[in-house]
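**Q** Protein chains in written order, with our numbering: chain A, 85 to 688; chain B, 85 to 688. For every residue, glycine included, the Cβ atom is placed at its ideal position computed from N, Cα and C. Here the structure is a predicted model, which means the values were calculated and not measured.
2 protein chains.
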Amino acid sequence: MADKYVDIDTLKHLLYDVHHLEELLERERFQDHDKESLDLFLDSTKSFADKELFPYIKEMDEQPAYHKDGGVIVHPQVKTMMEEGGELGFISGPFNYEDGGMQIPLIAQTASSYILDAANNHLTGYAGLTQGAAELIIHFANQELKDTYVPNMLTGKWGGTMCLTEPQAGSSLSDIVTKATPTEDGHYHISGQKIFISGGDNQFSENIVHLLLARIEGAPKGTKGISLFVVPKNRPDGKGGLVSNDVTTVADFQKMGQRGYCTTHLGFGDSEDCQGYLVGEANKGLSYMFLMMNAARIGVGRGASAIASAAYHASLQYANERPQGRKLTSDGTKNPEQKQSLIIEHADVRRMLLLQKAVVEGSMSLVLLAAKYYDLEVTARTPEEKNKYNTLLEMIIPVVKTYPSEAGSYAVNNGLQILGGYGFCSDFILQQYYRDIRISAIYEGTTGIQSQDLLGRKMTMGNGEGLQLLSAEIIQSIETASKHEALQPYANILGDKLKLTQKILETLMPHAMKGDYERFLADASVFMEFFSLIIIGWTWLDIATHAQVALTNGNGSFSDEFYQSKMATLDYFYSYELPKTAGQAEILMNASTVTIKKETEFIV
Amino acid sequence: MADKYVDIDTLKHLLYDVHHLEELLERERFQDHDKESLDLFLDSTKSFADKELFPYIKEMDEQPAYHKDGGVIVHPQVKTMMEEGGELGFISGPFNYEDGGMQIPLIAQTASSYILDAANNHLTGYAGLTQGAAELIIHFANQELKDTYVPNMLTGKWGGTMCLTEPQAGSSLSDIVTKATPTEDGHYHISGQKIFISGGDNQFSENIVHLLLARIEGAPKGTKGISLFVVPKNRPDGKGGLVSNDVTTVADFQKMGQRGYCTTHLGFGDSEDCQGYLVGEANKGLSYMFLMMNAARIGVGRGASAIASAAYHASLQYANERPQGRKLTSDGTKNPEQKQSLIIEHADVRRMLLLQKAVVEGSMSLVLLAAKYYDLEVTARTPEEKNKYNTLLEMIIPVVKTYPSEAGSYAVNNGLQILGGYGFCSDFILQQYYRDIRISAIYEGTTGIQSQDLLGRKMTMGNGEGLQLLSAEIIQSIETASKHEALQPYANILGDKLKLTQKILETLMPHAMKGDYERFLADASVFMEFFSLIIIGWTWLDIATHAQVALTNGNGSFSDEFYQSKMATLDYFYSYELPKTAGQAEILMNASTVTIKKETEFIV
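1) Here's a check: name, in chain order, each residue in its chain whose Cβ is nearer than 8 Å to the Cβ of Thr42(B), leaving out the five neighbours to either side.
2) Span of the beta strand (DSSP E) holding Arg299(B)?
3) Can you list, in chain order, the residues of its chain whose CB lies under 7 Å from that of Cys358(B), leaving out five sequence neighbours each side?
4) Quick check on Lys96(A): buried or exposed, where buried means 16 or more other Cβ atoms within 10 Å of its Cβ?
5) Cutting at 7 Å between CB atoms, please list the residues of its own chain near Ser355(B), excluding the five before and the five after it.
6) For Lys305(A) and chain B, any beta-carbon pair shorter than 8 Å?
7) Interface residues of chain B around Ala666(A) at Cβ under 7 Å?
8) Is the Cβ of Cys509(A) closer than 8 Å to any Cβ of chain B?
9) Closest by CA to Pro178(B), which one among Thr463(B), Trp242(B), Lys142(B) and Tyr361(B)?
10) Hey, would you say Ala390(A) sits closer than 8 Å to Val102(A), going by beta carbons?
11) For Trp624(B), which residues from the same chain have a beta carbon less than 6 Å from its beta carbon, with the 5 sequence-adjacent residues on both sides left out?
12) Counting only beta-carbon separations shorter than 8 Å, does Gly416(A) have a partner in chain B?
13) May I ask you to verify whether the segment 202–218 of chain B touches the segment 241–248 of chain B, counting CB pairs closer than 8 Å and requiring at least 3?
14) On the CB-based measure, 16 or more other CB atoms within 10 Å of its CB, does Ile286(B) come out buried or exposed?
15) What residues in the segment 252–264 of chain A bring their beta carbon closer than 9 Å to a beta carbon of chain B?
16) Suppose the cutoff is 6 Å on Cβ atoms and the five residues either side in sequence are ignored; what does the same chain contact list for Ile300(A) look like?
17) Please state whether the Cβ-Cβ distance between Met237(B) and Val293(B) is less than 8 Å.
18) Output the distance between the C-alpha atoms of Gly667(A) and Ser493(B), rounded to the nearest integer angstrom.
19) What did DSSP end up calling Val633(A) once you bin it into helix, strand or coil?
20) Going by DSSP in three states, Thr347(B) sits in which element: helix, strand or coil?
21) How many angstroms separate the CA atom of Leu370(A) from the CA atom of Lys456(B)?
22) By Cβ distance below 6 Å, which residues in the same chain neighbour Ile562(B) in space, the five residues on each side in sequence not counted?
23) Using 8 Å as the cut-off, can you tell me whether the segment 594–606 of chain B makes contact with the segment 403–410 of chain A, which would need three or more C-beta pairs spanning the two stretches below that distance?
24) Going along chain A in order, which residues have a C-beta closer than 7 Å to the C-beta of Glu421(B)?
25) Three or more C-beta pairs under 8 Å: does that hold for the segment 173–193 of chain A against the segment 145–152 of chain A?
26) Does Pro663(A) get closer than 8 Å to chain B when you measure Cβ to Cβ?
27) Tyr272(A) by DSSP, collapsed to three states: which one?
28) Taking Asn637(A) as the query, report the chain B residues whose CB atoms sit under 9 Å from its CB, ordered along the chain.
29) Starting from Leu95(A), follow the alpha helix (DSSP H) in both directions and report where the run begins and ends.
30) Could you name the residues that DSSP lists as bridge partners for Trp242(A)?
31) Helix, strand or coil: how does DSSP classify Lys567(A) here?
32) Going by CA-CA distance only, name the one from Glu429(A), Gly529(A) and Gly309(A) that's closest to Arg410(A).
33) For the beta strand (DSSP E) containing Ser256(A), list its first residue and its last residue.
34) At 8 Å on the CB atoms, spell out the chain A contacts of Ser81(B), in chain order.
35) To the nearest whole angstrom, what separates the beta carbons of Ala669(B) and Ile588(B), a pair I think is in contact under 8 Å?
36) Would you identify the three-state DSSP class for Ala264(B), choosing helix, strand or coil?
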């Protein structure tokens with residue numbers, strides 16, 4: 085078993101040096117926190133993860149959650165995660181004091197969650213979804229619902245879920261049919277089926293609070309007729325106790341990965357006794373849900389990057405320990421008398437390690453940046469500032485969700501390959517991470533959906549103002565980097581790629597203007613790959629700028645090797661990953677319409 | 085469960101129209117076969133696969149092979165595969181009549197094996213390795229060994245394996261230490277451990293014949309001191325029976341995929357009673373093994389392409405049945421009153437389907453081409469002809485093994501994505517194919533090893549004569565295609581890419597000439613990606629040329645839609661896959677040496 089799953093130094097370097105967390109702490113909301121207290125929070129997260137999460141990662145895969153006697157049996161560490169994690173603030177951390185929270189900046193909370201995800205991605209979702217459900221209640225529900233549900237959720241005594249998907253409606257929420265019928269008592273009768281409900285049940289939680297999308301009878305068709313409800317597994321009986329609320333656990337989906345994190349099929353109102361309590365106004369459910377979606381998408385990106393981190397460190401350790409083969413001599417042969425090399429000495433293995441490091445740390449930085457934008461939005465001093473950071477967050481969010489998921493999967497694939505035959509064997513952890521991470525590109529809007537969002541909505545946001553705002557940030561990084569001779573070549577490349585983005589958009593936009601949205605969006609997934617590389621190229625330029633300053637001034641908090649490794653990874657990213665944009669640009673600008681359905685069907 | 089796993093029409097189209105199998109049948113060796121008899125062979129393969137293989141694919145994953153009481157328990161269909169498959173000629177097919185074979189062209193046998201692999205990749209290896217082991221005995225062993233072992237192997241009564249890998253020596257065969265000590269009786273005492281031995285044991289086979297690499301005491305170090313032995317699990321007792329030969333099944337590796345295909349750890353001579361029989365001459369074991377390696381590598385490529393085929397058809401069926409979402413209207417919105425689309429109507433889903441079709445059929449054609457080169461070599465009328473086809477086979481073999489493995493994995497990944505959340509669930513087969521295919525890039529020389537072979541050996545073979553010969557074949561395809569107006573643009577692109585290959589080699593070769601092999605080969609894996617796309621671009625140009633002729637003349641054996649689908653897939657490949665070479669070329673020609681180990685270690 086590998087020993088390390090995350091590099092805490094890199095995490096702190098990104099937090100404090102690259103993303104200037106201390107500047108954020110000057111905001112009034114965060115005035116009770118300082119570097120010391122946040123370091124303590126991260127260190128206690130790490131100790132908890134070392135002791136309670138990481139040791140169980142393999143066991144949770146081998147003994148997956150399962151359905152039994154109408155409930156779901158999960159691994160005992162779920163209880164520890166919820167209760168001790170609740171105590172440590174993993175659920176309540178970012179909330180307002182008045183709501184029972186700790187007003188921890190989301191960027192710091194994200195760093196903490198990253199550690200937990202990297203240690204054991206089967207456990208963190210139980211707390212994460214409870215946080216998301218609590219957040220919806222806090223933001224949009226009335227005081228009574230808040231008082232009834234939130235306190236027990238924040239301590240981890242009760243769990244929480246999001247109930248969106250239905251058997252006939254996966255990505256297409258406009259087609260949900262779960263029914264909410266008003267009653268004279270003010271609550272609604274809920275009836276319907278929800279599938280793929282993560283953390284939907286377990287034998288430890290006294291209660292599970294479902295935040296559920298349903299259609300009130302007579303509501304308009306499509307997304308404008310969807311309302312949000314609190315639907316607890318057990319409802320208060322009015323005497324301080326709980327009674328069953330007719331929520332049935334129909335099944336637990338067995339999966340390829342994240343097998344310890346249950347994925348349930350829930351039935352509501354099979355006995356016509358399921359009460360739901362409207363959150364906010366009727367028919368506004370989807371907009372409420374979407375306000376929380378950015379946080380959820382940061383969460384998926386964070387989790388994927390964290391799994392890739394754990395895989396990277398496991399493969400790095402193996403590469404440092406495994407002797408195999410020899411270097412070629414200058415006549416191109418091998419000398420069997422020579423000692424075997426460690427595989428980390430082979431260029432091809434180093435390529436696969438650098439690839440992983442570039443993806444892991446680049447996406448780690450991006451995920452933290454998204455959380456920082458969120459913090460800056462929440463604590464904005466003016467409406468303009470609020471709008472600016474909201475826009476920046478909106479612009480990058482599809483990439484924040486997708487790049488770690490897709491490139492993370494590619495990174496883990498390379499980590500597995502480093503172990504050769506052992507990588508495929510159950511005794512080694514790489515194959516598990518390979519399976520676990522695969523869900524990330526599907527969760528919370530597939531890559532296809534995210535790509536449509538990126539190209540179809542975000543690139544055109546405010547008539548291009550969103551892209552302008554983001555470009556200005558990137559250009560500022562380019563200008564700062566250009567002051568260092570060693571970084572000029574990289575800064576120039578990124579500048580050129582930014583111009584190439586503009587050129588691509590000029591090729592694609594006319595389709596939209598002509599009303600041919602199908603053509604406009606047909607290659608959205610390719611555009612996602614292209615644009616993601618530019619965004620990650622940007623994060624690496626920022627990281628390298630700080631490394632360069634530290635190396636020049638010799639006053640960094642970390643070793644020279646630490647900073648040199650960042651410079652090498654920048655070089656890797658710009659030499660091996662960013663050049664892929666050349667081919668992607670060719671794809672995006674060619675005239676083929678082969679993927680668009682024609683009169684005659686051609687796939688046989 | 086999906087219904088279809090391979091498109092027989094495409095397989096026959098490739099065999100007869102694209103690769104002209106009937107011309108091959110004019111060779112004396114194949115004179116007893118004609119199109120009718122080979123079609124019968126393929127059709128009976130398909131019936132057998134439909135009945136005995138495909139229905140068990142999921143079950144074999146869910147009830148993997150396991151170690152028990154010193155043996156390995158495998159699924160009962162292993163017995164059927166070996167015995168009925170043996171009867172149908174799946175083991176003996178390509179061998180000479182005098183050796184008990186049927187002299188079936190390897191290209192036809194490969195098509196048959198493709199069907200079996202696509203139906204159930206957990207079963208075919210048992211027969212395939214037995215065939216490989218028998219082939220080594222037939223080619224290199226003395227008559228007594230042939231008479232003793234081959235007949236029972238060809239009928240499937242006895243199994244066979246290849247024992248190369250040892251715990252301390254994975255890809256590096258020069259470091260194997262299994263010992264062979266000569267005795268006065270002519271045989272050798274064998275002692276050592278072998279790991280990752282596929283099909284190493286099962287409860288049904290009366291005997292398993294291991295073809296094992298070992299070092300005779302006092303042999304030179306490295307690859308020049310390795311000998312090949314027949315080491316049966318049970319040896320003849322001289323009285324018509326068998327006695328144990330001190331081969332121990334130490335363990336069965338549990339794996340992420342291909343779980344029904346056992347992967348054993350074997351011990352030889354723990355009780356100092358393990359006899360081995362030298363095959364051919366001492367110290368020539370590796371060269372014997374390597375003569376068989378091309379067939380083994382065709383087999384891995386074939387298996388990977390076949391798994392991707394099964395995944396493609398499963399995802400295609402899902403896409404044709406699943407309604408989800410709606411097309412955007414001309415103002416960029418969706419109309420919820422409109423009926424849901426089938427997901428196959430979405431451009432992004434069609435992209436993922438075309439991607440799979442392009443990879444599956446392109447690699448299917450390449451695998452068949454390799455087998456055809458083998459047949460042409462075996463039946464060559466002159467030494468020049470023999471040399472030509474041997475060289476062509478050597479040139480493409482690393483791609484034949486690697487492209488289906490790597491791109492196949494990428495294809496299955498996209499197939500899984502089409503199913504959304506269901507793709508990740510055990511109830512659907514996609515997740516299994518995703519796991520199963522992952523071993524292909526590791527088997528029989530990892531992608532890294534294949535890439536070193538491609539760039540380091542094949543590109544420089546005969547001072548570039550090998551590449552010239554292959555290029556001449558490609559150029560001939562380009563010229564033929566250019567006669568059709570519709571194909572000219574594609575032909576031109578391929579010509580340009582061929583020139584780009586030359587340019588890349590001119591950039592890389594000087595490193596080798598200066599003796600800097602490390603630098604020369606550092607990006608071999610990227611070169612593999614690049615060159616593979618050109619090779620598959622070539623196979624698609626050939627396929628499309630035949631489709632174009634059939635469409636123009638209206639005299640093809642298949643429907644117009646069939647040929648149109650080939651044209652569309654050509655367009656997909658040239659519009660979405662081949663352009664990736666632009667970025668790869670940039671990577672290959674840039675000056676970065678970041679992956680090469682320097683004085684100071686930079687990965688932390």
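**A** Concretely, from the data shown:
1) Outside the modelled stretch of chain B, which goes from 85 to 688, sits residue 42(B), for which no answer is possible.
2) Asn291 to Ile300
3) Excluding positions up to five away in sequence, the list reads His273, Ile274, Ser275, Val315, Asn329, Asp330, Val331 and Phe352.
4) Around the beta carbon of Lys96(A), 16 or more other beta carbons sit within 10 angstroms, so the residue counts as buried.
5) Asp330
6) yes
7) Ala666, Gly667 and Glu670, listed in chain order.
8) yes
9) Thr463(B)
10) no
11) Gly446, Leu654 and Phe657
12) yes
13) yes
14) Reading the sequence as shown, one finds Asn at residue 286(B) and not Ile. Result: buried.
15) Gln252, Ala253, Gly254, Ser255, Ser256, Ser258 and Asp259
16) Ala264, Ser311 and Ala366
17) yes
18) 20 Å
19) helix
20) Thr347(B) falls in the strand class under three-state DSSP.
21) 59 Å
22) Ala575, Leu578 and Gly579
23) no
24) Lys305
25) Contact fails: fewer than three Cβ-Cβ distances are below 8 Å.
26) Yes, contact with chain B.
27) strand
28) None at all; the shortest Cβ gap to chain B is about 20 Å.
29) Ile92 to Lys96
30) Asn291(A)
31) coil
32) Glu429(A)
33) No beta strand (DSSP E) contains Ser256(A), which DSSP labels as neither H nor E.
34) The question about residue 81(B) has no answer here: the residues shown for chain B are numbered 85 through 688.
35) 6 Å
36) strand
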